[in-house]
């Protein structure tokens, strides 16, 4: 069983057609799992629905507490890409003995050209087989939490070092 | 580096708007990798473009030979779902020491509601981290080649074998 | 008010993921009208759900009878493209004083690359403003029922007949 | 022949995946006409690429001048919905003897759930058959320029004026 925690980010943004802006509604996770014909046993819980640029230490403690309380040892967290690495560090400092994979998207799932479905398939798969630790799964790759950074110019996650 | 071999299947079917039928054209793999913003180093090669119900032992030997000749030890094979298990067995009997992951789709990628992108993200991720062996990656899960069957009534891959 | 009669055709084909074939289910018309944010007052009624190559004279008489019985003078009929012209002729011979527009699609609506939504917007608009008569609306154009043919090689409807 | 002038609006917004914002790039018009398998003879020209809330009188004079100079008597203008009615009034005051249809979208075409393709099919069709005048085509309907307003709460265009 895998515990999926939703925190918002580009992944889950939708278009508000009255205001003409990007906004948050309900998570698309259940619809995406259905589309992927996923048979992975999961529980999906929305912790918050925010842009990761607005994520504070308090928000991060909510995520750490949820991952800590979760009875399963395998966890996926959906998250905005801008501060995904910071949250990964908070999780690594706060939790031991669990496989936690953070993922997100560069383009909202509700957009035709989103990488969200690809990333979700990737993150679930990594969560099923990687040993305990905190990882980021983006661009079809996985990185240990302290060996990665987001390249803000290309939008790509890349190896970064100690 | 991961070697991707394309063999056809529902995954790659397209709609022929003159004849009104499902058919094969070029593989959608490169487009799908672009959509997934994949940064996994891959080589993509189309071995055949056929419905897996039409796959013969000769076709399977072409796939085994290609996987055998491939210089990389990590391989993804896209394949029709109906006889994916048979091809997995042929690969397991013919090849040692490589991680080979077969995947496909229940709905063509070109259709709006396809599981293809999810499955591709999943298969690439399993191929990156699983130990040598032959696996099937479908429905967000992975199975050893001799521990799986396709349930023809539900379309779902499930555990089987002793 | 516009009466919409559904008869099937490529427009409404869906993918049967268990059998791997194109088939018919419920019509996509209500979903398409919602997507188009249509505020046109319509009633939608499914007369049949068939490939237009299988359409017989009896089927055509059902369509003529429905259009004749319909209390509105403006009608849209969705129809397979292969014999759309024959049904248009049957309607022209059987009905006077109503504006009837036939439309369809070259690619199923459920496919990502369908012309269905464009054609529906076009057919409804022509039905609202054209004088009584029987027309075919395809490729953004409209044709009188006796001045059109489908080019089977290109899939395009073009002027024909003097 | 129909002259299509592009001015921007929600219709043509795209998602900037580096900045995470909605923005303008190239117009999607040619791709949309291809998707609709349109065979209407058109010329497409981008006059500006702006949010209609930012449209000034000077911008409107550019549109009036382009429609006036255009050798064809049938014209479609894509436009943001917020001030579409104001631009329609400017066109009605500046031009006689041409059929001009303004249209737009509530959701960007690049989003999966856009009304753009439906609206484009509708606007082209109205432009082909309506008598000279300035019209707005939205929600599958058409309105004379001085008989319409956008309802800001529902996003719907509705009859207005005496």
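Protein chains in written order, with this note's numbering: chain S, 1 to 162; chain X, 1001 to 1162; chain V, 2001 to 2162; chain D, 3001 to 3162. For each residue, glycine too, the CB sits at the ideal point set by N, CA and C.
Other residues of its chain near residue i: CB distance less than 6 Å, five sequence neighbours each side excluded
i: residue 2046 of chain V; result: 2006, 2027
i: residue 94 of chain S; result: 64
i: residue 1043 of chain X; result: 1003
i: residue 2153 of chain V; result: none
i: residue 60 of chain S; result: 87, 90
Cβ of residue i within 7 Å of any chain S Cβ
i: residue 1118 of chain X; result: yes
i: residue 1141 of chain X; result: yes
i: residue 1106 of chain X; result: yes
Nearest neighbour of residue i, chosen from the options [CA to CA]
i: residue 1013 of chain X; options: X:1146, X:1124, X:1114, X:1042; result: X:1114
i: residue 2101 of chain V; options: V:2034, V:2107, V:2057, V:2090; result: V:2090
i: residue 2022 of chain V; options: X:1097, X:1010, X:1001; result: X:1010
i: residue 2033 of chain V; options: V:2123, V:2129, V:2156; result: V:2123
i: residue 3069 of chain D; options: D:3156, D:3096, D:3110, D:3029; result: D:3096
Chain D contact for residue i (CB, 7 Å cutoff)
i: residue 2134 of chain V; result: no
i: residue 2072 of chain V; result: no
i: residue 18 of chain S; result: yes
i: residue 112 of chain S; result: yes
i: residue 7 of chain S; result: no
Contact with chain X by residue i, beta-carbon distance below 7 Å
i: residue 82 of chain S; result: no
i: residue 121 of chain S; result: yes
i: residue 146 of chain S; result: no
i: residue 40 of chain S; result: yes
i: residue 2155 of chain V; result: yes
i: residue 126 of chain S; result: yes
i: residue 29 of chain S; result: no
i: residue 2010 of chain V; result: yes
Cα-Cα separation, residue i to residue j
i: residue 3016 of chain D; j: residue 2104 of chain V; result: 35 Å
i: residue 1137 of chain X; j: residue 19 of chain S; result: 42 Å
i: residue 1038 of chain X; j: residue 1075 of chain X; result: 16 Å
i: residue 1099 of chain X; j: residue 133 of chain S; result: 23 Å
i: residue 1083 of chain X; j: residue 1050 of chain X; result: 12 Å
i: residue 2126 of chain V; j: residue 3142 of chain D; result: 11 Å
i: residue 24 of chain S; j: residue 8 of chain S; result: 7 Å
i: residue 2106 of chain V; j: residue 1066 of chain X; result: 38 Å
i: residue 2078 of chain V; j: residue 2145 of chain V; result: 15 Å
i: residue 3129 of chain D; j: residue 3072 of chain D; result: 14 Å
i: residue 2108 of chain V; j: residue 1030 of chain X; result: 24 Å
i: residue 112 of chain S; j: residue 3085 of chain D; result: 30 Å
i: residue 2001 of chain V; j: residue 2062 of chain V; result: 21 Å
i: residue 2156 of chain V; j: residue 2092 of chain V; result: 22 Å
i: residue 1164 of chain X; j: residue 3140 of chain D; result: Nothing about residue 1164 of chain X can be reported from this structure: the residues present for chain X run from 1001 to 1162 only.
i: residue 2040 of chain V; j: residue 3131 of chain D; result: 21 Å
i: residue 48 of chain S; j: residue 55 of chain S; result: 10 Å
Host beta strand (DSSP E) of residue i (start-end)
i: residue 953 of chain X; result: A question about residue 953 of chain X goes unanswered here, because the residues of chain X that appear run from 1001 up to 1162.
i: residue 3142 of chain D; result: 3141-3144
i: residue 121 of chain S; result: Taken as a continuous stretch (DSSP letters only), residue 121 of chain S belongs to no beta strand (DSSP E), being part of the alpha helix (DSSP H) at 116-129.
i: residue 2158 of chain V; result: 2157-2159
i: residue 1074 of chain X; result: 1074-1078
i: residue 2102 of chain V; result: 2099-2103
i: residue 152 of chain S; result: Segment: none, residue 152 of chain S is in no beta strand (DSSP E) and carries neither H nor E.
Limits of the alpha helix (DSSP H) - the one that residue i falls within
i: residue 94 of chain S; result: 84-94
i: residue 2107 of chain V; result: No alpha helix (DSSP H) holds residue 2107 of chain V; DSSP gives it neither H nor E.
i: residue 31 of chain S; result: 29-35
i: residue 1040 of chain X; result: No alpha helix (DSSP H) contains residue 1040 of chain X, which DSSP labels as neither H nor E.
i: residue 199 of chain S; result: Any answer about residue 199 of chain S is impossible in this case: the structure gives chain S only from 1 up to 162.
Beta carbon proximity, residue i to chain V, threshold 7 Å
i: residue 1109 of chain X; result: no
i: residue 3037 of chain D; result: yes
i: residue 1130 of chain X; result: no
Contacts around residue i, its chain only, beta-carbon distance under 7 Å, and the 5 residues preceding and following it disregarded
i: residue 160 of chain S; result: 147, 148, 149
i: residue 3088 of chain D; result: 3102, 3134, 3136, 3145
Contacts around residue i, its chain only, beta-carbon distance under 8 Å, and the 5 residues preceding and following it disregarded
i: residue 3036 of chain D; result: 3117, 3120, 3121
i: residue 1081 of chain X; result: 1009, 1010, 1052, 1104, 1105, 1106, 1138, 1150, 1155, 1157
i: residue 110 of chain S; result: 13, 14, 15, 28
Under 8 Å by beta carbon: chain C residues contacting residue i
i: residue 2115 of chain V; result: You won't find chain C in this structure, because its protein chains are S, X, V and D.
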